[in-house]
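Protein chains in written order, with this note's numbering: chain U, 19 to 769; chain B, 9 to 286.
Glycine included, each C-beta is placed from N, C-alpha and C at the ideal position.
As the structure is a prediction and not an experimental result, all values here were calculated from the model.
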Ligand SMILES: Cc1cc2nc3c(=O)[nH]c(=O)nc-3n(C[C@H](O)[C@H](O)[C@H](O)COP(=O)(O)OP(=O)(O)OC[C@H]3O[C@@H](n4cnc5c(N)ncnc54)[C@H](O)[C@@H]3O)c2cc1C
Ligand code: SF4
């Protein structure tokens, strides 16, 4: 029976209550902890060869017959009004097949609020000439004064929402009573997602159905966005994303390029591709916004945190949302008295978008640096300080955790932490070495609704069918492993069909570290349903009791000795197939499902030139059961590399007068290169969360980037005594912090 | 757009000017054509015209950075400057001639702001974002010269043979003025053919950048020791490669608020470079 339940859904820290239907499945027990036949064992990507051979078709490869190419006219100003937009020259040119303005498409505007906001678009039949066609659009711009300073926006009350206020306990009283109070202002910069594949869509009308090929993290979200905006029945929209070149949070909806392609496809009657160039990508598709964090911590002399306070200014941009920069301060430690105040400044800057643990990356940098400054003042070991303030229960929501093994992570961190004397001793000449650490907290529990089917053919092969997407994280492989495990099949007899809203049931967004914990249990349930049917069929055919039968090694095996190859059983059906269905059950009620971890960084700093080299990062995370240790390791490595870029070299710069984005190309915007990558040691606890689904798995996409910046900056302090308080730690910031440390030392030295 | 492949220097020189530009490896030119910072109806390929390879102290202007960085005949400063420049892909296309003539990386200039260097009246970087910019010679244009090899060649006292004359590398570069916004003294249609690079007793190139590889110099320091003393030259500190006599010359720097750190950064690099060659 279908069961309707009301459940809490969380994506990237944003909670909503919603109704979901879960199939009444016989409760499936979690597998015992530890590696199994396939699950828990390192498996190379099932689509590795396809990718390496260039056979994997990304949206960037989609070429439909008659397809046109769009180019977008974007605002060259951070704030402007278009007095006159004249498309007539473009419409008259015989080689320009489509031209649209705000009257034709809601994603276009005559009052752009950031550099790069789309104003008009054209379609031509050669990609090379699309930009040329933009010159046929006549625009009369009125440039307006942009608002660019987040503090000024707060003063003028130019905010995206009312300031968010949170308080538990009595922070003022606790600060007054504290033995030690530390305070500091931290700043984080704006960084860009820069997925390898830029935002792009190809749209085509097929009769009354709209086909949308798109590089996306959520094909169902794209469908909903379009249905809502264009008032179309959702079932007349087919969204396809078979292979995807990364998103990091910036590709959760349809986005402007899709609406532009649809409007041009409607106008021209031809398929239209709208693909952003790298520069457009770095202007207009989102970012991790900059933040200003004024933080205060009060503690007793034994290190017990008694009060925490934070004022956070999120420089959100023209659109977007004010992220949970306050999250770590409210959630990470067992502190009774916490007060936060958060502003989401509305500025004439490109909108933000969720970016790998939005808010928590920024907030963890501030909080975890402050904690080390506190440890310094108290002359306490930073690891000890963290363990002492461990929260056994979630104080923000007053709930127990579904599972938490952070103390075990701390214990596993000890050997890495204990190396610090040896690391420091390797300092020589201007190169000072040190070790730093930082804790990690983040969501990652996933949730319903998420569905999957498993089909077994007469050849004894299985296909997992679900309309999810693999955003490059290795989801196909993990889902194949789960189905193979449940079906007792070798991995090469399981295929995964995904990426098409018309070929499979509704599936989860791939954001908020939710893919594996949302989809994995549904896939397992579907496989279990299929296995049950196989066993029922075998029992009837071979006159055995069902309870004696299991599926193992590609066979149906009876505990009394007999066994039959799966294809022999399913072969009975000739061309008919067995179809198992599965749904993700609800999250445990009344519990907080979170991920935890700690990272320990070794750095070397040249105290004369300010050069910082991250030499090693040990990452220990608690994300429940690990499905594919190899895939998990590559997620951790990817997160840390992105974190190293965030910490040391990446920064989107705008002209402070005009708000024009200066770092649009990849030589100006400095992603880390392979030469910047440290040795990365990955340790995953691999302890299933006994309360969470039939798998006990949480997500891993985001946790690894959360503590990296703070761990590196704390290591820099350990190495040099310098307090870096602003990201990135470029030469300017590092030399400033070193100078300040020298001056402090000089002032403290006895005369 | 058309591509010409002249077979003599004379033919190449004659084809240049009037909407045509010289193409060597294209690593700087092609992106600028795409961004319409340079417009050209004709590209004149230099491959057959400009010498390539190393002979004694002479380097063909068509020699790639990748070839120079591994050639034991080449003084260490130049080898290291090449090895630390750009990326392997760019170095295997990019020629030394093209490298010396590459355009500024100033983001305002690259985004075609109507700034002083583009013929306008003011420098946008001075009041704007300028952490990568200059600390010397920056009164009108605050751009920082991006070439690592140019600083090395300047320290080495290289001479340049063009299709018309021979000149010292310092004479190749000039600060832009009200009347002439060029940063090189090359005349229209003039080609760089060869470099003559004296052999120092010792030389070195040190580079500070924003990441471990593939970044332009924040500050690059070249030092070369000859019988009559040590020559120092810096990349990334002025609109053109910049010579200094000693570290104390840094006291005369005119940094912008956002480039003061470059003075601080240059000091230890100069000290280390001097230490390494003496
Ligand atoms: C992303 C990126 C990073 C880089 N990083 C660095 C770096 O860290 N350090 C560094 O030093 N450089 C760096 N470079 C610059 C690179 O080294 C140069 O682009 C390259 O050396 C230019 O050589 P080319 O042969 O490709 O020149 P082209 O692009 O073909 O030409 C450049 C210019 O020189 C002219 N020209 C070329 N040869 C001659 C000649 N013989 N006579 C007259 N005119 C000529 C052309 O007309 C054109 O104006 C980088 C470049 C890029 C794109
Ligand atoms: S530094 Fe030079 S190139 Fe840059 S804006 Fe100023 S004048 Fe233009």
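- Using a Cβ-Cβ cut-off of 8 Å, residue 159 (chain B) is close to nothing in chain U; its nearest Cβ partner there is about 17 Å away.
- As the crow flies, the alpha-carbon of residue 755 (chain U) is around 14 Å from that of residue 730 (chain U).
- Contacts with chain B at 8 Å (Cβ-Cβ) do not include residue 677 (chain U).
- Per the Cβ contact rule, the segment 609-624 of chain U is in contact with the segment 453-471 of chain U (3 or more Cβ pairs under 8 Å).
- Beta-bridge analysis with DSSP links residue 455 (chain U) to U:618.
- Chain-ordered, the chain B residues with CB closer than 7 Å to the CB of residue 749 (chain U) read 216, 226, 269 and 273.
- One finds 626 and 627 in chain U with Cβ atoms closer than 9 Å to the Cβ of residue 277 (chain B), taken in chain order.
- Taken through DSSP and simplified to helix, strand or coil, residue 155 (chain B) comes out as coil.
- In the three-state reduction of the DSSP assignment, residue 435 (chain U) falls in the helix class.
- Counting only residues of its own chain and dropping the five nearest sequence neighbours on each side, residue 532 (chain U) has a CB closer than 6 Å to the CB of 464, 526 and 717.
- Taken from the Cβ of residue 22 (chain B), every heavy atom of ligand 1 lies 7 Å or farther away.
- Counting every other CB atom within 10 Å of its CB across the protein chains shown gives residue 48 (chain U) a total of 16 or more, marking it as buried.
- Less than 8 Å divides the Cβ of residue 212 (chain B) from the Cβ of residue 281 (chain B).
- Annotation: the continuous beta strand (DSSP E) that includes residue 216 (chain B) extends over 210-216.
- Its Cα nearest to that of residue 84 (chain B), the residue B:160 stands out among B:108, B:215 and B:160.
- Separation of residue 199 (chain U) and residue 416 (chain U) (C-alpha to C-alpha, rounded to the nearest whole angstrom) is 26 Å.
- In the displayed model, residue 664 (chain U) falls within a helix according to three-state DSSP.
- Nearest in C-alpha terms to residue 425 (chain U), of all of U:156, U:401 and U:450, is U:401.
- For residue 65 (chain B), the three-state secondary structure derived from DSSP is coil.
- DSSP lists U:38 as the bridge partner or partners of residue 23 (chain U).
- Restricting attention to alpha helix (DSSP H) runs no shorter than 4 residues, the segment 654-729 of chain U encloses none.
- Under the Cβ criterion (8 Å, minimum of three pairs), the segment 323-330 of chain U does not count as touching the segment 294-304 of chain U.
- Spanning the alpha carbons of residue 238 (chain U) and residue 469 (chain U) requires a straight line of approximately 12 Å.
- As computed with DSSP, residue 316 (chain U) is found in a beta bridge with U:199 and U:325.
- Secondary structure within the segment 568-653 of chain U: the alpha helix (DSSP H) runs of 4 or more consecutive residues, fully enclosed, are 584-589 (chain order).
- For residue 364 (chain U), the enclosing beta strand (DSSP E) has its first and last residue at 355-364.
- When Cβ pairs closer than 8 Å are counted between the two stretches, the segment 208-225 of chain U is seen to touch the segment 262-279 of chain U, the count reaching three or more.
- Contact of residue 269 (chain U) with chain B by beta-carbon distance below 7 Å is absent, the smallest such distance being about 26 Å.
- Residue 419 (chain U) and residue 613 (chain U) have their C-alpha atoms some 10 Å from each other.
- The beta-carbon of residue 691 (chain U) is placed less than 8 Å from the nearest beta-carbon of chain B.
- At a beta-carbon threshold of 9 Å, none of the residues of chain U lie near residue 74 (chain B); the nearest stands roughly 17 Å away.
- Distances between the C-beta of residue 302 (chain U) and the heavy atoms of ligand 1 are all 7 Å or more.
- Per DSSP, residue 227 (chain U) is one residue of the beta strand (DSSP E) stretching across 227-232.
- At a threshold of 7 Å, residue 9 (chain B) does not count as near ligand 1, since its beta carbon sits no closer than that to any of the ligand's heavy atoms.
- By a beta-carbon distance limit of 8 Å, residue 651 (chain U) contacts residue 700 (chain U). Their separation comes to about 5 Å.
- DSSP, reduced to helix, strand and coil, places residue 527 (chain U) outside both helices and strands of the structure shown, so it counts as coil.
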